[in-house]
């Protein structure tokens with residue numbers, strides 16, 4: 006059965022990789038056959054050449070973007086989990102703060118970004134704030150949903166056994182909310198790349214987002230695609246990191262899911 010599961014996992018990875026490789030090959034062939042100018046749409050080989058030729062420049066800007074994501078996402082994580090716990094634990098916070106969190110998503114971040122430059126100036130701070138604002142919402146809302154998804158019968162049983170309100174929260178609600186929390190974390194860490202790029206577009210002098218806006222008017226299209234490729238890789242790796250931490254944190258959850266899947270097979 007273990008061998009069968011490994012084979013299924015391998016097949017799950019092989020198909021997406023084959024599709025991606027096929028698309029890259031078709032892109033390379035079509036660009037050369039149709040003779041599209043390189044400044045308009047470079048072939049994948051030209052993008053690879055740019056990645057190699059400008060590796061130092063791209064690395065420097067990648068590290069800046071990663072720093073913005075790391076700091077901003079950390080702020081969003083701490084703030085989101087803290088507020089979610091408070092909202093789930095306190096009815097007063099639920100009625101006063103939760104509607105504000107929901108309403109805050111109606112304000113486009115791209116409209117706030119220029120104001121942040123006026124309020125806090127240039128540099129790292131406005132990018133961190135933008136990343137935190139965009140990542141905060143999925144973390145907070147998913148965690149609140151998880152904390153509130155407890156079966157009332159389980160709560161009644163805990164209270165019958167003499168558990169206090171805090172013990173019900175810490176020993177029942179928090180463990181039950183972990184799958185929801187990690188769903189929010191994975192969404193937040195994925196969109197953090199987009200958030201960092203938005204911040205760099207509006208008022209940055211470093212980072213991959215800035216490099217894209219700087220290279221476009223110069224028709225350095227291969228460099229633009231190279232930066233986009235690195236942003237995509239960054240987003241995928243950050244998502245994989247979130248999944249890896251999720252598996253480390255909740256081994257019992259995935260063992261149960263694996264057992265259920267084996268029973269179905």
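In this note's numbering, the protein residues as written are 6 to 270.
For glycine and all other residues, C-beta sits at the position ideal for the given N, C-alpha and C.
On a predicted model such as this, the values are computed, not experimentally measured, just so you know.
The shortest C-alpha to C-alpha distance from residue 155 to any of 162, 136, 181, 79 is the one to 181.
Judged by beta-carbon spacing, residue 74 lies within the 8 Å limit of residue 136, meaning their Cβ atoms are closer than that value. With contacts defined by Cβ atoms closer than 8 Å, residue 33 and residue 49 form a contacting pair. Rounded to whole angstroms, the gap between the alpha carbons of residue 184 and residue 210 is 38 Å. A distance of 8 Å or more separates the beta carbons of residue 199 and residue 247. By the C-beta density criterion, residue 96 is exposed, having fewer than 16 other C-beta atoms within 10 angstroms. Using a Cβ distance threshold of 8 Å, residue 202 and residue 140 do not count as a contacting pair.
Cβ contact annotation for residue 51 (same chain, cutoff 7 Å, sequence separation greater than five): 43, 227, in chain order.
With a beta-carbon spacing of about 11 Å, residue 240 and residue 70 fall beyond the 8 Å limit used to define contacts.
By the C-beta density criterion, residue 78 is buried, having at least 16 other C-beta atoms within 10 angstroms. The straight-line gap separating the alpha-carbon atoms of residue 249 and residue 229 is approximately 30 Å. Residue state for residue 209 is assigned as coil, using DSSP reduced to three classes. A straight-line Cα-Cα distance of about 22 Å links residue 112 and residue 92. Look at residue 112 here: in three-state DSSP terms it is coil, with no helix or strand label.
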